[in-house]
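Asks:
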Amino acid sequence: MRALVTGQIGMHKKDYLDAVADASARQGERIDVFHLGDLMYAEGPDVRAGRILDLPLSRLTALRRAAFKDIIAATSPPESHPNIIVNTHATFRWRHGLFSAFDFDQITTLAPGLFICLVDNIEVVHHRLHAEHDIDATLKDCMVWREEEILATELLAQAIGGPSRFYILSRGRQSPTLETCRRLLTCPGMKKVYPSFPMSHVVEMPEVQKEIDQFRQRLAGHFICFDPGDVDEKLLLQRAIEAAKSGRDWVEASLPDGQPIRVSVREVLDIAGDIDGQIYMRDFKLIDQSDMICSYIPELPGGLPGLSSGVERELQHAFEHTKEVYVVWKPAKTPSPFITETATRVFGTVDEAMEYFEGKGMFAQRDLFGN
4 MRALVTGQIG MHKKDYLDAV ADASARQGER IDVFHLGDLM YAEGPDVRAG RILDLPLSRL
64 TALRRAAFKD IIAATSPPES HPNIIVNTHA TFRWRHGLFS AFDFDQITTL APGLFICLVD
124 NIEVVHHRLH AEHDIDATLK DCMVWREEEI LATELLAQAI GGPSRFYILS RGRQSPTLET
184 CRRLLTCPGM KKVYPSFPMS HVVEMPEVQK EIDQFRQRLA GHFICFDPGD VDEKLLLQRA
244 IEAAKSGRDW VEASLPDGQP IRVSVREVLD IAGDIDGQIY MRDFKLIDQS DMICSYIPEL
304 PGGLPGLSSG VERELQHAFE HTKEVYVVWK PAKTPSPFIT ETATRVFGTV DEAMEYFEGK
364 GMFAQRDLFG N
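What the sequence shown shows, in this note's numbering, is residues 4 to 374, in sequence order.
1. Can you list the alpha helix (DSSP H) stretches of 4 or more residues lying completely in the region 161–243, in chain order?
2. By the DSSP assignment, the alpha helix (DSSP H) with residue 313 in it spans what residues?
3. Do residue 88 and residue 160 have their CB atoms nearer than 7 angstroms?
4. Would a C-beta distance cut-off of 7 angstroms place residue 13 and residue 131 closer than the cut-off?
5. Which one of 189, 304 and 293 has the shortest CA to CA distance from residue 328?
6. State the start and end residues of the unbroken beta strand (DSSP E) segment that holds residue 256.
7. Who are residue 81's beta bridge partners in DSSP?
8. Taking buried to mean at least 16 other C-beta atoms within 10 Å of its own C-beta, is residue 94 buried or exposed?
9. So, at 6 angstroms on beta carbons, what are the nonlocal neighbours of residue 129 in its own chain, with the 5 sequence-adjacent residues on each side left out?
10. Evaluate contact between the region 309–322 and the region 251–267, counting only Cβ atoms and requiring at least three cross-stretch pairs below 8 angstroms.
11. Using C-beta distances below 8 angstroms, list every residue in its chain close to residue 106, excluding the 5 sequence neighbours before and after it, in chain order.
12. Once the 5 residues before and after residue 27 are set aside, which same chain residues still bring their CB inside 8 angstroms of it?
13. Have a look at residue 330 and residue 274 and give me their C-alpha separation to the nearest angstrom.
14. Could you name the residues of the same chain whose beta carbon sits closer than 8 angstroms to that of residue 113, not counting the 5 residues immediately before and after it, in chain order?
15. Using the Cβ count rule (16 or more neighbours within 10 Å means buried), how would you classify residue 99?
16. Tell me, please, which residues DSSP counts as bridged to residue 5.
17. With H, G and I counted as helix, E and B as strand and the rest as coil, what does DSSP make of residue 121?
18. With H, G and I counted as helix, E and B as strand and the rest as coil, what does DSSP make of residue 112?
19. Distance check for residue 308 and residue 136, CA to CA, integer angstroms please.
20. Residue 354 to residue 196, Cα distance in whole Å?
21. Going by DSSP, name the residue or residues bridged to residue 130.
22. Whether or not the region 261–277 and the region 301–315 are in contact is what I'm after, with contact meaning three or more pairs of Cβ atoms, one per stretch, closer than 8 angstroms; do they touch?
23. Given this structure, state the Cα-to-Cα distance separating residue 148 from residue 336, to the nearest angstrom.
24. Taking C-alpha atoms, which residue in 224, 206 and 82 lies nearest to residue 193?
25. Have a look at the DSSP bridge pairing and note the partners of residue 92.
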């Protein structure tokens, strides 16, 4: 499969995609990765590191076209390189303003079958951006850029047409998204699943969270999973609101490696509407790009079902878009008709669900975690 992978600056796509290729090699499948930025610097050896976006747009375009031409030549004929990733961008929001980062004729010639827009927590992207570039961008700027990158990539995939598919994929903090990306390229026949579960209102319930994480892990072992929990900016917003009430100017966050960072409370509050709006948009798109939804409804203290409004909307959206809808219902209380009448099947345990999926031939390979 040929994949074009986009994402705003600050994603560290290079390290991520090299890790995807390494993971694939360990599975016996070769993926060739081409980093367009590196190739552009090779075409312009006089350009100082980190300054290429400061070039006049005419020269930037010339370098990009020359580098992309080399990628097309290096991967022809297509059967000689069955799996490739081109690491690039769809848009740039820089000192020139907003401008595109691709040439339609060359994308058409390359003929990718996959268009993947990689996303990450916005505070992490913001931190990386400022650590590596001399630019002044707010969290709001980064949120807007991410939205533009997603839209431009999706429109490009639609314009190419044919069998090309568009996906939003998170780098993730917990679930194995390296494996998700690998499987998108090398195992296109695998079932694609949206794991659905309550998030924000079980934050202070470690035992319930443990159940949910085990459920997510089990699904990720056998399916291509688009996990909404891989971007958790809602938790950042909740911490910022509490910090503001306490009169604090900063809220603590962390990078994926655990390194602590400080985030401006004011800037987080400024993007409150963007966080909610993008969660709403993104989660529905993740459902749309999946074959099925599998929702875990835990039993909360007091015997109450852990059925959040978000989970209810996700189940309804999946049903209305003719996806397979599966529910793992743990509470003793019987689910309402709004669950049972829209679900393909309701299970009492995760084991029961996994046995059903296996019996239906949905598993393409053994569980990565030995389950």
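Note that beta-carbon positions come from the ideal geometry of N, C-alpha and C, so glycine has one too.
Fair warning: this is a prediction, and the values are worked out from it, not measured in the lab.
Replies: Inspection of the coordinates gives the following:
1. 180–189 and 209–225
2. Indexing the sequence shown from 1 puts residue 313 at position 310. From DSSP, the alpha helix (DSSP H) with residue 313 extends over 312–323.
3. Mapped onto the sequence shown, residue 88 falls at position 85. Mapped onto the sequence shown, residue 160 falls at position 157. Not a contact, by the Cβ cut-off of 7 angstroms.
4. Here residue 13 corresponds to residue number 10 of the sequence shown, with the count starting at 1. Here residue 131 corresponds to residue number 128 of the sequence shown, with the count starting at 1. In contact: residue 13 and residue 131 (Cβ atoms closer than 7 angstroms).
5. In the sequence shown, counting from the first residue as 1, residue 328 sits at position 325. Nearest of 189, 304 and 293 to residue 328, Cα basis: 293.
6. Here residue 256 is taken as the residue at index 253 of the sequence shown, counted from 1. First-last of the beta strand (DSSP E) with residue 256: 253–257.
7. Along the sequence shown, read from residue 1 onward, the residue named residue 81 stands at position 78. Answer by DSSP bridge pairing: none, since residue 81 is not bridged.
8. Working through the sequence shown from its first residue, we reach residue 94 at position 91. Burial call: buried.
9. Along the sequence shown, read from residue 1 onward, the residue named residue 129 stands at position 126. Closer than 6 angstroms at the Cβ level, and outside the excluded window around residue 129, lie 142 and 145.
10. no
11. Position 103 of the sequence shown, counted from the start, is the residue given in the question as residue 106. Here residue 106 has 64, 67, 68 and 71 as same chain residues with Cβ atoms under 8 angstroms from its own Cβ, once five neighbours each way along the sequence are excluded.
12. Translated into positions along the sequence shown, residue 27 becomes position 24. Same-chain partners within the cutoff: 33, 34, 86, 185, 188 and 189.
13. Your numbering for residue 330 matches position 327 in the sequence shown. Your numbering for residue 274 matches position 271 in the sequence shown. Those two C-alpha atoms are separated by around 33 angstroms.
14. The residue you call residue 113 lines up with position 110 of the sequence shown. Here the set comprises 5, 7, 71, 74, 75, 78 and 89.
15. If you number the sequence shown from 1, residue 99 lands on position 96. Result: exposed.
16. Within the sequence shown, the letter at position 2 stands for residue 5. DSSP lists 87 as partners of residue 5.
17. For the purposes of this step, residue 121 is identified with residue 118 of the sequence shown, where counting begins at 1. Of the three classes helix, strand and coil, the one that applies to residue 121 here is strand, per DSSP.
18. For the purposes of this step, residue 112 is identified with residue 109 of the sequence shown, where counting begins at 1. Residue 112: helix per DSSP, three-state reduction.
19. Locating residue 136 in the sequence shown gives position 133, where the first residue counts as 1. Locating residue 308 in the sequence shown gives position 305, where the first residue counts as 1. Their Cα atoms are separated by approximately 47 angstroms.
20. What you label residue 354 is simply residue 351 of the sequence shown in a count that begins at 1. What you label residue 196 is simply residue 193 of the sequence shown in a count that begins at 1. Approximately 17 angstroms between the Cα atoms of the pair.
21. Along the sequence shown, one-based indexing puts residue 130 at 127. Bridge partners of residue 130: none, in fact.
22. Not touching, per the Cβ criterion.
23. As a working mapping, residue 148 is identified with position 145 in the sequence shown. As a working mapping, residue 336 is identified with position 333 in the sequence shown. Whole-angstrom Cα-Cα distance: 45 angstroms.
24. The sequence position of residue 193 within the sequence shown is 190, counting from 1. Considering only alpha carbons, the answer is 224.
25. Locating residue 92 in the sequence shown gives position 89, counting from the first residue. Paired residues: none, contrary to the question.
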